[in-house]
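Novice:
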Amino acid sequence: MEKFATIDYVIFLIYFVVVAGYGYWIYKRQKSSTESSKDYFLAEGSLTWWAIGASLIASNISAEQFIGMSGNGFTVGIAVAAYEWIAAIALIIVAVWFIPVYLKNKIFTMPQFLKQRYNETTALIMAVFWLFLYVFVNLTSILFLGALAISNLGGGENFHLIMLALAVFAVVITLGGMKVIGFTDVIQVVVLIVGGLATTYVALTLVSEHFGLGKDAIAGFKQLMVDSPKHFNLIVDKPTAESSQEDINKYLMLPGIGMYLAGIWIVNLNYWGCNQYITQRALGADLKTARTGILFAGFLKLLMPIIVMLPGIAAYVLYKNGALQEEMAPGGNFNPDNAYSAILGFLPNGMKGLSLAALTAAIVASLAGKANSIATIFTMDIYNKYIDKNASEKKLIRIGKITIIISIIVSLLFTWDDLLGIGGAGGFTFIQKYTGFISPGVFAMFLLGMFWKRTTGSAAIAGLITGFVLSVVFNNYAPEWFGHETFLYTAYPNAQGNYEIPFQICMGLAFLFTMIVMVGISLFGPKVNPKGLELDRKMFKLEPSVTVMIVVTLLLVGALYVKFW
Numbered sequence: 000m001e002k003f004a005t006i007d008y009v010i011f012l013i014y015f016v017v018v019a020g021y022g023y024w025i026y027k028r029q030k031s032s033t034e035s036s037k038d039y040f041l042a043e044g045s046l047t048w049w050a051i052g053a054s055l056i057a058s059n060i061s062a063e064q065f066i067g068m069s070g071n072g073f074t075v076g077i078a079v080a081a082y083e084w085i086a087a088i089a090l091i092i093v094a095v096w097f098i099p100v101y102l103k104n105k106i107f108t109m110p111q112f113l114k115q116r117y118n119e120t121t122a123l124i125m126a127v128f129w130l131f132l133y134v135f136v137n138l139t140s141i142l143f144l145g146a147l148a149i150s151n152l153g154g155g156e157n158f159h160l161i162m163l164a165l166a167v168f169a170v171v172i173t174l175g176g177m178k179v180i181g182f183t184d185v186i187q188v189v190v191l192i193v194g195g196l197a198t199t200y201v202a203l204t205l206v207s208e209h210f211g212l213g214k215d216a217i218a219g220f221k222q223l224m225v226d227s228p229k230h231f232n233l234i235v236d237k238p239t240a241e242s243s244q245e246d247i248n249k250y251l252m253l254p255g256i257g258m259y260l261a262g263i264w265i266v267n268l269n270y271w272g273c274n275q276y277i278t279q280r281a282l283g284a285d286l287k288t289a290r291t292g293i294l295f296a297g298f299l300k301l302l303m304p305i306i307v308m309l310p311g312i313a314a315y316v317l318y319k320n321g322a323l324q325e326e327m328a329p330g331g332n333f334n335p336d337n338a339y340s341a342i343l344g345f346l347p348n349g350m351k352g353l354s355l356a357a358l359t360a361a362i363v364a365s366l367a368g369k370a371n372s373i374a375t376i377f378t379m380d381i382y383n384k385y386i387d388k389n390a391s392e393k394k395l396i397r398i399g400k401i402t403i404i405i406s407i408i409v410s411l412l413f414t415w416d417d418l419l420g421i422g423g424a425g426g427f428t429f430i431q432k433y434t435g436f437i438s439p440g441v442f443a444m445f446l447l448g449m450f451w452k453r454t455t456g457s458a459a460i461a462g463l464i465t466g467f468v469l470s471v472v473f474n475n476y477a478p479e480w481f482g483h484e485t486f487l488y489t490a491y492p493n494a495q496g497n498y499e500i501p502f503q504i505c506m507g508l509a510f511l512f513t514m515i516v517m518v519g520i521s522l523f524g525p526k527v528n529p530k531g532l533e534l535d536r537k538m539f540k541l542e543p544s545v546t547v548m549i550v551v552t553l554l555l556v557g558a559l560y561v562k563f564w
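Rendered as structure tokens:
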């Protein structure tokens with residue numbers, strides 16, 4: 000492997016100048032008119048459908064996907080693509096049913112929805128929770144994994160300097176507000192896709208060359224399927240008495256058919272439909288623009304496994320056949336999460352700079368989106384409601400900018416020496432672990448709050464607590480307390496020898512019982528709930544162009560599942 004050549008630095012510099020320059024131009028245009036806090040945080044009415052869709056993907060795809068999902072591709076294979084392909088269907092659900100509810104009720108933040116639908120206590124609890132989650136889990140993990148990936152690409156040097164540079168770049172973009180983030184994300188996602196596809200192409204040609212098939216990406220892909228057919232099974236087989244620990248670990252990560260009946264839907268619908276970080280892009284637009292943008296993101300989602308997963312499978316095949324030994328185990332420490340960096344190291348001069356730009360684009364876009372969501376929640380749902388109710392528009396924007404800087408600094412401090420143990424747990428696992436405990440309760444609270452008028456504030460708080468407690472019980476204690484196998488679940492020994500229920504099954508069980516608790520409590524409440532949202536059929540009516548996009552996306556997802564089932 001060679002480090003960066005001059006042409007790589009030139010390409011990366013061009014990327015940086017274009018993004019920063021375009022962002023500054025949009026910021027100056029924005030400053031020329033009267034600026035409101037809603038315009039700053041939401042880019043109200045100014046984001047086009049393609050900007051919304053691109054921004055959703057740019058904010059979603061970050062280091063945990065490039066590094067963590069590529070590592071899962073190395074370990075398990077194409078089954079991990081279910082996260083992305085089910086996300087495309089989840090985005091259809093959000094576009095058709097969730098977004099109309101938010102826009103009809105003039106919702107700008109998720110805590111605002113909870114206050115309007117339930118009560119201030121629920122809204123405040125969740126606002127504080129989301130702030131902690133976004134700062135201490137999301138920002139820290141994105142910074143750590145992003146800096147680690149770029150550092151490994153450059154030979155493992157300057158980790159802290161890279162982390163600092165990523166943070167500064169993200170702050171510069173974020174301070175311009177959602178309009179700057181949204182439109183610069185269009186450039187970011189183009190760079191991300193082009194650079195990601197270039198990396199995948201090189202990964203497949205490396206495979207074809209290794210097997211003496213010449214530089215042929217198609218031949219390389221076919222060789223992957225011939226060499227490792229199990230890596231192209233969408234369903235992980237259920238372990239038997241004869242299964243190896245490696246096969247059990249795969250099932251614990253992606254529990255076969257079971258994951259399609261439980262956790263994967265909760266993960267995706269909660270992430271795409273009940274998450275300020277994501278929905279914020281669409282909340283400032285009209286219904287047709289918001290829907291089209293979300294569906295455009297769903298279409299782009301179908302491409303993501305090619306970019307973030309295939310390089311991991313290619314690395315597995317190469318490693319299995321005697322290549323990438325040093326790259327997968329730098330310093331003698333083997334880690335599947337090294338798969339993407341191992342492939343990047345073999346890119347030719349110029350393409351390495353493009354892939355570095357793609358990785359940086361993914362990291363910076365995610366940091367900027369997350370920091371803006373932190374600023375929006377703190378400013379609109381805490382500062383303006385509990386600290387200074389009469390704050391001017393200029394002051395709210397200033398508080399938002401200060402919040403952005405503080406949140407990035409705090410995340411840097413906790414990431415600098417890996418105080419939260421991100422590297423030890425593995426980045427993708429770290430994020431899933433700390434967000435998954437709360438997802439069942441949050442999703443149940445939003446789902447019933449939107450579509451069942453009798454759901455009460457007491458039921459919402461009880462559901463939030465129940466979802467969290469049950470997630471902890473099923474993940475950490477159920478096998479020991481209730482046995483390794485019941486009519487609800489089957490637990491399997493993990494790598495440490497402890498019995499564990501597959502994570503996605505735990506989420507499904509926690510969600511099921513949370514729904515039962517919330518419905519039960521609500522039935523003892525008033526039959527007519529004044530806090531219930533007003534819904535009508537007209538708000539769910541689909542435009543012809545939207546219907547076409549939905550049908551095309553569903554057909555593509557169906558074709559993929561028919562091919563790899």
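Counting along the sequence shown from 1, when you hit position 415 you're at 414 in numbering that gives the first Met the number 0, and nothing is skipped either side. Backbone N, C-alpha and C fix where the C-beta goes; we use that ideal spot for every residue, glycine too. Quantities reported herein were computed from a predicted structural model and do not represent experimental measurements.
What residue from V561, M109 and L355 has the CA that sits closest to F442's CA?
Specialist: Cα-wise, what sits closest to F442 is M109.
Novice: Closer than 6 angstroms by C-beta to F512: which residues in its own chain qualify, once you throw out the five before and the five after it? Chain order, please.
Specialist: Contacts found: L469.
Novice: Checking the sheet assignment: what are the DSSP bridge partners for Y491?
Specialist: Y491 is bridged to E499.
Novice: Please name the residue in V518, G496, I404 and T414 whose C-alpha comes closest to that of S457.
Specialist: When each option's Cα is compared against that of S457, the closest is V518.
Novice: Would you kindly work out how many angstroms separate the C-alpha atoms of Y339 and I312, rounded to a whole number?
Specialist: In a straight line, the C-alpha of Y339 is about 10 angstroms away from that of I312.
Novice: In the DSSP output, which residue or residues are listed as bridge partners for E484?
Specialist: Answer is T489.
Novice: Please identify the residue among A261, A19, Y8 and Y23 whose C-alpha is closest to the C-alpha of Y488.
Specialist: Closest by alpha carbon: A261.
Novice: How far does the alpha helix (DSSP H) with R290 in it reach, from first residue to last?
Specialist: Element bounds for R290: L286 to K300.
Novice: Output the distance between the C-alpha atoms of V93 and L508, rounded to the nearest integer angstrom.
Specialist: The alpha-carbon atoms of V93 and L508 are separated by roughly 23 angstroms.
Novice: Tell me the residue span of the alpha helix (DSSP H) that contains A303.
Specialist: Per the sequence shown, the amino acid found at residue 303 is Met instead of Ala. From DSSP, the alpha helix (DSSP H) with M303 extends over M303 to V307.
Novice: Cβ of L46 within 9 angstroms of Cβ of G283?
Specialist: In contact: L46 and G283 (Cβ atoms closer than 9 angstroms).
Novice: Please identify the residue among F231, K249, K229 and G352 whose C-alpha is closest to the C-alpha of P238.
Specialist: When each option's Cα is compared against that of P238, the closest is K249.
Novice: For the alpha helix (DSSP H) containing P228, list its first residue and its last residue.
Specialist: No alpha helix (DSSP H) contains P228, which DSSP labels as neither H nor E.
Novice: Can you tell me where the alpha helix (DSSP H) with T378 in it begins and where it stops?
Specialist: No alpha helix (DSSP H) holds T378; DSSP gives it neither H nor E.
Novice: Quick one: is R28 buried, meaning 16 or more other Cβ sit within 10 Å of its Cβ, or exposed?
Specialist: So R28 counts as exposed.
Novice: Would DSSP call Q244 helix, strand or coil?
Specialist: If DSSP states are grouped into helix, strand and coil, Q244 belongs with the helices.
Novice: Under a CB-based cut-off of 9 angstroms, is F445 close to chain C?
Specialist: Checking the listed chains, one finds no chain C in this structure; it contains a single protein chain.
Novice: What are the complete beta strand (DSSP E) segments, minimum 3 residues, inside the region 323 to 374?
Specialist: Listed in chain order, there is nothing to give.
Novice: Exposed or buried, which one is F131 when buried takes at least 16 other CB atoms within 10 Å?
Specialist: When all chains shown are included, F131 counts as exposed.
Novice: Between L102 and L286, which are expected to be in contact by the criterion C-beta below 8 angstroms, what is the C-beta distance as a whole number of angstroms?
Specialist: Contact flag correct, Cβ pair sits at about 5 angstroms.
Novice: In chain order, what residues of the same chain lie with their CB nearer than 6 angstroms to the CB of T552, ignoring the 5 residues before and after it?
Specialist: Counting only Cβ-Cβ distances below 6 angstroms, and skipping sequence neighbours, we find A87, G297 and F298.
Novice: Inspect the beta-carbon positions of A4 and G352 and report whether they are closer than 9 angstroms.
Specialist: Yes, Cβ-Cβ distance for A4 and G352 is below 9 angstroms.
Novice: At the level of alpha carbons, what is the spacing between S61 and S150?
Specialist: Rounded to the nearest angstrom, the two C-alpha atoms are 15 angstroms apart.
Novice: Which residue marks the beginning of the alpha helix (DSSP H) containing G4, and which one marks its end?
Specialist: In the sequence under discussion, the amino acid at residue 4 is Ala, which differs from the Gly named in the question. Element bounds for A4: n/a, residue is neither H nor E.
Novice: Starting from Y82 and walking both ways along the alpha helix (DSSP H), at which residues does that stretch end?
Specialist: A81 to I92 is the span of the alpha helix (DSSP H), which, as asked, contains Y82.
Novice: Which whole-angstrom value describes the C-beta separation of Y276 and G368, a residue pair presumed to lie in contact below a C-beta threshold of 8 angstroms?
Specialist: Contact flag correct, Cβ pair sits at about 6 angstroms.
Novice: Where does the unbroken alpha helix (DSSP H) through R116 begin, and where does it stop?
Specialist: Start and end: M109 to R116.
Novice: Cβ of T183 within 9 angstroms of Cβ of V545?
Specialist: Against a cut-off of 9 angstroms, the Cβ pair of V545 and T183 comes out as no contact.
Novice: Inspect the beta-carbon positions of N334 and G70 and report whether they are closer than 9 angstroms.
Specialist: For N334 and G70, yes; Cβs fall inside 9 angstroms.
Novice: Please say whether T198 and L301 have beta carbons closer to each other than 9 angstroms?
Specialist: No, the Cβ-Cβ distance between L301 and T198 is not below 9 angstroms.
Novice: Please return the same chain residues whose Cβ sits closer than 7 angstroms to the Cβ of N348, not counting the five positions on each side in sequence.
Specialist: A4, I6 and D7, listed in sequence order.
Novice: By how many angstroms is the C-alpha of S391 removed from the C-alpha of F152?
Specialist: One point to set straight first is that residue 152 is Leu, not Phe, in the sequence displayed. Their Cα atoms are separated by approximately 46 angstroms.
Novice: Are there 16 or more other CB atoms within 10 angstroms of the CB of G557, so buried, or fewer, so exposed?
Specialist: With fewer than 16 Cβ atoms within 10 Å of its Cβ, G557 is classed as exposed.
Novice: Taking the straight line between their C-alpha atoms, what separation do you get for I127 and N274?
Specialist: It should be pointed out that residue 127 corresponds to Val in this sequence rather than to Ile. Each residue's alpha carbon lies about 14 angstroms from the other.
Novice: Mind checking R397: buried by the 16 CB within 10 Å criterion, or exposed?
Specialist: Its Cβ having fewer than 16 others within 10 Å, R397 is exposed.
Novice: If distances are taken between C-alpha atoms only, which option among Y385, K229 and I515 comes closest to T465?
Specialist: With distances taken between Cα atoms, T465 lies closest to I515.
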